[in-house]
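The structure appears below as structure tokens.
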Amino acid sequence: MSVFADLEPLLPLVSKPIQYVGGELGAVVKDWESAAVRWALMYPDAYEVGLPNQGIQILYEVLNEQPDVLAERTYAVWPDLERLMREHGVPQFTVDAHRPVGDFDLFGVSFATELGYTNLLTALDLAGIPLRAEDRTDAHPIVLAGGHAAFNPEPIADFVDAAVLGDGEEAVLQVTAIVRAWKAEGRPGGRDELLLRLARTESVYVPRFYDVDYLPDGRIQRVVPNRAGVPFRVHKRTTMDLDQWPYPKKPLVPLAETVHERYAVEIFRGCTRGCRFCQAGMITRPVRERSITTIGEMVANGLEESGFSEVGLLSLSSADHSEIGDICSGLADQYEGTNVSLSLPSTRVDAFNITLAEELSRNGRRTGLTFAPEGGSERIRKVINKMVSEEDLIRTVVTAYTNGWRQVKLYFMCGLPTETDDDVLQIARLAHEVIRAGRAATGSKDIRCTVSIGGFVPKPHTPFQWASMAPPEVIDRRLRALRGAINADRSLGRAIGYRYHDGEPSLIEGLLSRGDRRIGAVIHRVWALGGRFDGWSEHFSFARWTQACADVGVDLDWYTVRERDATEVLPWDHLDSGLDKDWLWQDWQDALSGYEQDDCRWTPCFDCGVCPAMDTEIQIGPTGRKLLPLTPV
Amino acid sequence: MSRKPQPEGGQAPVVQRIRLRYAKRGPLRFTSHRDFARAFERALRRARVPIAFSQGFTPHPKISYASAAPTGVASEAEYLEIALQAVVDPAVVREALHAALSPGLDVLDAVEVRAAGSLADRIDASRWRIELPGVEPADAQRAVTAFLAAAEVAVERLTKQGMRTFDARGPVVALVASAVPDEAGEVPCAILDLVVRQVTPSVRPDDILSGLRVVADLVPPVPPRATRLAQGTLTAGGEIVDPLDADRDGAVVGEP
Chain B
1 MSVFADLEPL LPLVSKPIQY VGGELGAVVK DWESAAVRWA LMYPDAYEVG
51 LPNQGIQILY EVLNEQPDVL AERTYAVWPD LERLMREHGV PQFTVDAHRP
101 VGDFDLFGVS FATELGYTNL LTALDLAGIP LRAEDRTDAH PIVLAGGHAA
151 FNPEPIADFV DAAVLGDGEE AVLQVTAIVR AWKAEGRPGG RDELLLRLAR
201 TESVYVPRFY DVDYLPDGRI QRVVPNRAGV PFRVHKRTTM DLDQWPYPKK
251 PLVPLAETVH ERYAVEIFRG CTRGCRFCQA GMITRPVRER SITTIGEMVA
301 NGLEESGFSE VGLLSLSSAD HSEIGDICSG LADQYEGTNV SLSLPSTRVD
351 AFNITLAEEL SRNGRRTGLT FAPEGGSERI RKVINKMVSE EDLIRTVVTA
401 YTNGWRQVKL YFMCGLPTET DDDVLQIARL AHEVIRAGRA ATGSKDIRCT
451 VSIGGFVPKP HTPFQWASMA PPEVIDRRLR ALRGAINADR SLGRAIGYRY
501 HDGEPSLIEG LLSRGDRRIG AVIHRVWALG GRFDGWSEHF SFARWTQACA
551 DVGVDLDWYT VRERDATEVL PWDHLDSGLD KDWLWQDWQD ALSGYEQDDC
601 RWTPCFDCGV CPAMDTEIQI GPTGRKLLPL TPV
Chain S
1 MSRKPQPEGG QAPVVQRIRL RYAKRGPLRF TSHRDFARAF ERALRRARVP
51 IAFSQGFTPH PKISYASAAP TGVASEAEYL EIALQAVVDP AVVREALHAA
101 LSPGLDVLDA VEVRAAGSLA DRIDASRWRI ELPGVEPADA QRAVTAFLAA
151 AEVAVERLTK QGMRTFDARG PVVALVASAV PDEAGEVPCA ILDLVVRQVT
201 PSVRPDDILS GLRVVADLVP PVPPRATRLA QGTLTAGGEI VDPLDADRDG
251 AVVGEP
């Protein structure tokens, strides 16, 4: 039942065929017949992006550790192979054993970004699975969405059978148990009964069991269950005690080149810094740390299993781990003199980070450091709750220069709520100041900074979920003015790199992020018009999206630049991230008045609602333990 | 002239060199040379091979590759050389690297370097087997006859330098067509057995197929499957000698 014999003759005709053949270290091929429950897991982007994805790797391993469960992976195929697969009748396949995705019990798709929605449709279509969930029969897999975008799956409600919110480790095992039991009983009640059993867990959202009513003005009136036993609200899952879940243990090591060639350890999950634009920080609460000793064991084992020479210590704000100093110096000691390099992405703007970076760069060169002040003016940083003073920022960057770093990258956003032209122009002044101070402190002209700008997209379950987006023309005008302001001083401007994205893709991401079920028709139309890989600028077409909106009668502005008021029913209100809607509204009001919110790890609880709603608690150290020297082999 | 600054300490000296023969088989024939190089460096770490590193701020493991088969072409005879900072048993290294690479990237042989001359010095020709599913053996035979009868067969290929035209006939030492033993009802499949000299630009199986199209309009209906069976020193008798033999022979000579 492998389709490899049909696929193989097509591979010499496509670019980078290695991405379709599997054979990675850590990959698992199990016997089909003896598996009671079979999962196909998809990251709906190209292999080079999807393979390193932590979520898929973790679930793949957790599922395959179950003796009677089989999990394989599939990724979005590039248009060159898609065309050949259609021509030769080759279905969407898994890379592990090249089995047709349509043969599995469950098809789990992890959405890190909404721009992967059109790729879901391609995969379903190639798999021979009806695009619309209502057209599927008992012969088709249950299509299950996960990942951060699943916190508002309404735009893809037509296409998925179910969605799971939050951490996946335990959720996939619970779903597996339900499917296993239903199959063992002889599939009573068919697909409908299985979905009902999943919905009754109160942590699996089955869109078909909810009706959405609309007001005459287009806003949602209400969302209510249409079946007995289906909960009014579906709750997110939270994996507590990460030391009990030290995955990936056997990381997947690809032959193809991918975006990250490293062993990644999540050093903690969740973040309570409270940056108001950050959906990840809001929906993954509370903070749960991995202990220093588990991190040390995972790094040692991960390097051994993979042969990688780079280790990434990942989280939403890695320098915030309660024992990050000991972790960095301990790992630097253990790997000193080897060719292993350590990296700490996602760090705050403060001098402590430079101390950490110095520890981590003992083996390597001081190539670049990244800081994310996010907002150009002090005023806008108060709005987004990114508490960095200009003085701190400049002092931190200058410290980096004087400690031997030549290149510093600064991340900002454009299009933030209440933003004015001046807020954006302040980025230029800040960058000039950084170079001027850096030159003075080092006495060298050989220092650079890169200003990198991302477009702000308001996300569900954040204080900015009510905000209006700035139209792309406004964004593009501000970005052009910023370029002019940076280059206004030619001496300083020469030392400053400038990278940005146009406003148009952000607007579409905004449509998909806060869309409701009526957006499904737009996604379907875009896909029918040839939309694929919308997260890639060379494939994204704004004209295709606006045409699709016009074709199906959706007002793009109504979904994006319109500000919502306190009473509006939001499309995701029946999906429970634990955050109290009143608290979110208060935080939105605080944003508008520039009132900052502290972090609940070191100040009293500010009642965001997550811990009591989810029966969870902050899990942080310090444990007081240390990393011991590695025993020589 | 000022010297480039060097990091303190420096790298351990090279005390041993080992040459390996490896295969690229089945689906993993789609591994590109760059893909293989990354996988091999990771395998060196997993297998804890005491590889030597170059000097400088970004030390690189000392690995040198002999000419690599193109992406999509299988091989039973790829060669590389590694420099080590500690002496190890080549057989142990072979086994450890074989286990550390994905199945399909198989390490077949390892010998310590004993004789003079680089790998490249000992490789001047390759033997290839090209399967042509869907091609009638008689058609293949006609094309081969026409190809061999020509004094020169100009073919084009897109290289890094752009489209280049070169002669595919000159470097061909031998080209023989045969048929896959008949299996009733199966699609026909011709086989080409090819020996070609290493020249610049290199003439590869796809160039020979371009040549067969030029001289006899032979166009396989599906992509052919090529495998490098051997590469090494071409003898007067047309045989290819394994480039590791000289080191093996050197070992025999050197032992008491």
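For the protein sequence lines, the chains are B and S, in the order given.
Here the first sequence is numbered in our numbering, starting from 1 and rising by one per residue.
Here the second sequence is numbered in our numbering, starting from 1 and rising by one per residue.
Here a beta-carbon is modelled for each residue, glycine too, at the ideal position from N, C-alpha and C.
What you are looking at is a predicted structure, and each value in this text was computed from that prediction instead of being measured.
Contacts that residue i makes with chain B (C-beta to C-beta distance below 9 Å)
| i | result |
| --- | --- |
| Thr31(S) | Ile18, Val21, Gly23, Leu255, Ala256 |
| Leu28(S) | Ile18, Val21, Gly23, Leu255 |
| Pro188(S) | Neighbours of Pro188(S) on chain B: none; closest Cβ ~16 Å, over 9 Å. |
Identity of the residue in the options nearest residue i by Cα
| i | options | result |
| --- | --- | --- |
| Ala157(B) | Gly146(B), Gly166(B), Asp167(B) | Gly146(B) |
| Ala495(B) | Tyr60(B), Pro91(B), Val451(B) | Val451(B) |
| Arg197(S) | Ala125(S), Glu131(S), Leu175(S), Val93(S) | Ala125(S) |
| Phe147(S) | Pro171(S), Gly162(S), Thr165(S), Arg21(S) | Pro171(S) |
| Asp590(B) | Pro130(B), Leu131(B), Arg276(B), Gly443(B) | Arg276(B) |
| Glu336(B) | Ser361(B), Gly23(B), Leu63(B) | Ser361(B) |
| Asp35(S) | Ala46(B), Lys16(B), Pro52(B) | Lys16(B) |
| Glu72(B) | Leu570(B), Tyr210(B), Gln547(B), Ser2(B) | Ser2(B) |
| Pro13(S) | Leu84(S), Ile63(S), Leu28(S) | Leu84(S) |
| Pro188(S) | Pro70(S), Asp247(S), Pro220(S), Arg48(S) | Pro220(S) |
| Ala123(B) | Asp192(B), His148(B), Ala46(B), Ser506(B) | Ala46(B) |
| Gly162(S) | Pro27(S), Asp106(S), Arg248(S), Pro201(S) | Pro201(S) |
| Arg625(B) | Met240(B), Val434(B), Val287(B), Thr294(B) | Thr294(B) |
| Ala179(S) | Ala168(S), Arg129(S), Arg169(S), Ile191(S) | Ile191(S) |
| Gly553(B) | Tyr20(B), Asp135(B), Ile519(B) | Ile519(B) |
| Glu257(B) | Asp502(B), Glu48(B), Ala548(B), Glu114(B) | Glu48(B) |
| Gly26(S) | Val29(B), Lys30(B), Leu25(B), Val21(B) | Val21(B) |
| Gly594(B) | Ile178(B), Val160(B), Arg379(B) | Arg379(B) |
| Glu636(B) | Arg227(B), Met240(B), Pro225(B), Glu87(B) | The displayed coordinates of chain B run from 1 to 633. Any statement about residue 636(B) would go beyond what the structure contains. |
| Leu41(B) | Asp557(B), Asp243(B), Asp607(B), Leu63(B) | Leu63(B) |
Short Cβ contact (9 Å threshold) for residue i with residue j
| i | j | result |
| --- | --- | --- |
| Phe352(B) | Val408(B) | no |
| Pro238(S) | Ala174(S) | According to the sequence displayed, residue 238(S) carries Gly and not Pro. Their beta carbons are under 9 Å apart, which means Gly238(S) touches Ala174(S) by this criterion. |
| Leu425(B) | Ile453(B) | no |
| Ser468(B) | Pro417(B) | yes |
| Ala168(S) | Val144(S) | no |
| Ile634(B) | Asp516(B) | Within the shown structure, residues of chain B are numbered from 1 to 633, placing residue 634(B) beyond reach of any answer. |
| Ala37(S) | Ala96(S) | no |
| Pro90(B) | Val143(B) | A small fix is needed here, since residue 90(B) is Val in this sequence, not Pro. Going by C-beta atoms, Val90(B) is not nearer than 9 Å to Val143(B). |
| Phe104(B) | Trp39(B) | yes |
| Val87(S) | Gln11(S) | no |
| Leu410(B) | Val383(B) | no |
| Leu229(S) | Arg164(S) | no |
Any C-beta of chain B under 9 Å from that of residue i
| i | result |
| --- | --- |
| Asp35(S) | yes |
| Thr71(S) | yes |
| Phe166(S) | no |
| Phe53(S) | yes |
Neighbour list for residue i in chain B, Cβ cutoff strictly below 7 Å
| i | result |
| --- | --- |
| Pro220(S) | By Cβ distance, chain B contributes nothing, its closest Cβ being about 10 Å from Pro220(S), past 7 Å. |
Contact list for residue i against chain S, beta-carbon separation under 9 Å
| i | result |
| --- | --- |
| Leu13(B) | Pro223 |
| Pro307(B) | First, the residue type needs correcting, since residue 307(B) is Gly and not Pro in the sequence shown. The answer, in chain order, is Ala39, Glu41, Arg42, Ala43, Leu44, Arg45, Arg46, Ala47, Ala100. |
Within-9 Å CB hit, residue i to chain S
| i | result |
| --- | --- |
| Asn669(B) | No answer is possible for residue 669(B): it lies beyond the span of chain B, which begins at 1 and ends at 633. |
| Pro9(B) | yes |
| Glu304(B) | yes |
| Glu261(B) | yes |
| Phe104(B) | no |
| Phe93(B) | no |
| Phe232(B) | no |
| Phe4(B) | yes |
Neighbour list for residue i in chain B, Cβ cutoff strictly below 8 Å
| i | result |
| --- | --- |
| Gly104(S) | Gly23 |
| Pro59(S) | Asn339 |
I'd like the ranges of any beta strand (DSSP E) spanning at least 3 consecutive residues and lying wholly in the segment 202 to 238 of chain S. 225 to 234
Mind pulling the beta strand (DSSP E) runs of 3 or more residues that sit fully within the segment 365 to 406 of chain B? 369 to 374
Identify every run of the beta strand (DSSP E) within the segment 48 to 117 of chain B, keeping only runs that are complete inside it and at least 3 residues long; order them along the chain. 69 to 75, 106 to 110
Jot down the residue ranges of each uninterrupted alpha helix (DSSP H) in the segment 428 to 510 of chain B, minimum 4 residues, whole runs only, in chain order. 472 to 487, 490 to 493
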